[in-house]
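Enquirer:
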Ligand code: C2O
Ligand code: CU
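Residue numbers (the working numbering): 513 to 986.
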């Protein structure tokens, strides 16, 4: 057990304080806003991440909370979200995973001019797909996301999914000092060429988790969102068998994860359905064991002593209704290769990055740094309406969750082996040396970012523009 050191201290304190008592603190429910019209004020604030008000952390917030409000909208109906910038620097909002028009995508200089301090921007789009999405800035992303700007965006299915309850876990990772404040120094060049800025405190919905209360035999849908800057997670539910029903918001064939581990790189989402088969009054840990020798208990499922809600757990798995995704024509698809390069090797030398200036990473030999800006040349061009297979090859010694804006793609195979369960994604995880083929229909015109979602990697060169359709500009 390591990494979550502040978490561990706190947990120990809680355990001694609560000795003998069976009551467990509930996760604080996040403000949740349902409807098609929303207003979000972006501003500094205070967040009791560790649960202790006198050690509250100075953060940047959407609507006063960390994470921001969970926005719940209806599939296929227009949404309008007014974003007012109360920071003293430019910002934008990217609606991660939503297939929307380029002008609403939140990339500064490409989708829109940045929202200046004191100004506002109205985002308007109609979400075609139901599912678990999220929102975050695309300007000074390292610091703005690292200081707390993130929130869940839930597009609801047209008819309710038959579960007893639904939970949203927006998981964030913080690098805190012992006094509870955020450690400075975003954009450390050494970290940027390695694992990125991994923190020491992991929160669910803005607090150090003390346990999630559940009832026996309940069927619960949990929407897992990795909203961390750089931390990769592999979650295991002790003595439970979560069934994956959606990946990155897109429904898949229901299946249990390999080895029971739910792999979540930054920006990735997984919806699971968990049948609560534990014993009343017992507690079961949810472990994160992604990093070797750094396993820690993220939270616990804490069973009420009340009798189960039904005699036996449900067994029939849930299949979510399909989204209207364009099916790529694999026979006619054109193939494009994108090779991820750079980063630090074991010995400390940079790989194949001679003459790359400030960048630590590249795609096909080109490095785009920062958050997106005007005049970025497209790395590749795609004909509107055509199907493509992107062959992504990771030539680096580090894993990368690669995100494509404006589209969802079908994940075809890994190192040549077919990927089962009909999985679509907008952010696909590549292990070192791995090759992953994905396919998509280039049906959304615009200049779309394609980048690693380990934010330090993105801003240090692991980013490109893919142009769909004619010319966006020039
Ligand atoms: Cu969630 Cu360009 O990213
Ligand atoms: Cu990366």
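All residues carry an ideal CB built from backbone N, CA and C; glycine is no exception.
Could you work out which residue in 734, 708, 705 and 699 is closest to residue 716 when comparing CA atoms only?
Expert: When each option's Cα is compared against that of residue 716, the closest is 734.
Enquirer: Who does residue 775 pair with in a DSSP beta bridge?
Expert: 746
Enquirer: What does the Cβ neighbour count give for residue 588, buried or exposed, with the cut at 16 atoms within 10 Å?
Expert: exposed
Enquirer: Given 7 Å as the limit, tell me if residue 966 has its C-beta closer than that to any heavy atom belonging to ligand 2.
Expert: yes
Enquirer: Start and end of the alpha helix (DSSP H) containing residue 970?
Expert: Residues 967–971.
Enquirer: State the DSSP-derived secondary structure class of residue 740, mapped to helix, strand or coil.
Expert: Coil at residue 740, not helix or strand.
Enquirer: How about the region 687–700 and the region 634–642: do they share at least three Cβ pairs that are nearer than 8 Å?
Expert: No, they do not touch.
Enquirer: What three-state label does DSSP hand residue 985 in the structure shown?
Expert: Summary for residue 985: the model assigns pLDDT 46, below 50, so the residue's position carries little reliability; its value from the coordinates is reported in the next sentence. Residue 985 falls in the coil class under three-state DSSP.
Enquirer: Taking 7 Å as the line, does the beta carbon of residue 969 fall inside it for any heavy atom of ligand 2?
Expert: yes
Enquirer: Would you say the beta carbon of residue 662 comes nearer than 7 Å to a heavy atom of ligand 1?
Expert: no
Enquirer: Here's the rule I'm using: 16 or more other beta-carbon atoms within 10 Å means buried, otherwise exposed. How should residue 849 be labelled?
Expert: exposed
Enquirer: For a test of the three-state rule: what should DSSP assign to residue 657, helix, strand or coil?
Expert: helix
Enquirer: Between which two residues does the alpha helix (DSSP H) harbouring residue 704 extend?
Expert: 701–704
Enquirer: In its own chain, which residues sit with a C-beta less than 6 Å from the C-beta of residue 685, not counting the 5 before and 5 after it?
Expert: Apart from sequence neighbours up to five positions away, the residues of its chain that approach residue 685 with a beta-carbon distance below 6 Å are 711, 714, 740 and 743, ordered along the chain.
Enquirer: Whole angstroms are fine: how far does the CA of residue 884 sit from the CA of residue 611?
Expert: When rounded, the distance between both Cα atoms is 18 Å.
Enquirer: Pick from 943, 806, 682 and 840: whose alpha carbon is nearest that of residue 952?
Expert: 840
Enquirer: Report the rounded CA-to-CA distance for residue 966 versus residue 978, giving the unit in angstroms.
Expert: Looking at the two C-alpha atoms, the distance is approximately 19 Å.
Enquirer: Return the Cβ separation of residue 666 and residue 584 in integer angstroms, given the expectation that the two are a contact with Cβ distance under 8 Å.
Expert: 5 Å
Enquirer: Per the contact definition of three or more C-beta pairs closer than 8 Å, is the region 719–738 in contact with the region 788–799?
Expert: yes
Enquirer: Run the CB neighbour count on residue 828, radius 10 Å, all protein chains shown included, and call it buried at 16 or more, exposed below.
Expert: exposed
Enquirer: Can you find a heavy atom of ligand 1 that lies under 7 Å from the Cβ of residue 739?
Expert: no
Enquirer: Given the structure, does residue 963 come close to ligand 1, in the sense that its CB is under 7 Å from one of the ligand's heavy atoms?
Expert: yes
Enquirer: Is the beta carbon of residue 942 less than 8 Å from the beta carbon of residue 914?
Expert: The answer is yes: Cβ separation under 8 Å.
Enquirer: Report yes if the C-beta of residue 915 is less than 7 Å from at least one heavy atom of ligand 1; otherwise report no.
Expert: yes
Enquirer: How would you label residue 651, buried or exposed, when you count the other beta carbons within 10 angstroms and need 16 or more for buried?
Expert: buried
Enquirer: Can you confirm whether the region 794–805 touches the region 746–764 when touching is taken to mean that 3 or more C-beta pairs between the two stretches lie within less than 8 Å?
Expert: Counting Cβ pairs under 8 Å, three or more are found: they touch.
Enquirer: Note down the Cα distance separating residue 638 from residue 927, rounded to an integer number of angstroms.
Expert: 36 Å
Enquirer: Cα separation between residue 947 and residue 923?
Expert: 11 Å
Enquirer: As a quick exercise: from 701, 786 and 595, pick the residue whose alpha carbon is nearest that of residue 768.
Expert: Closest option to residue 768, Cα to Cα, is 786.
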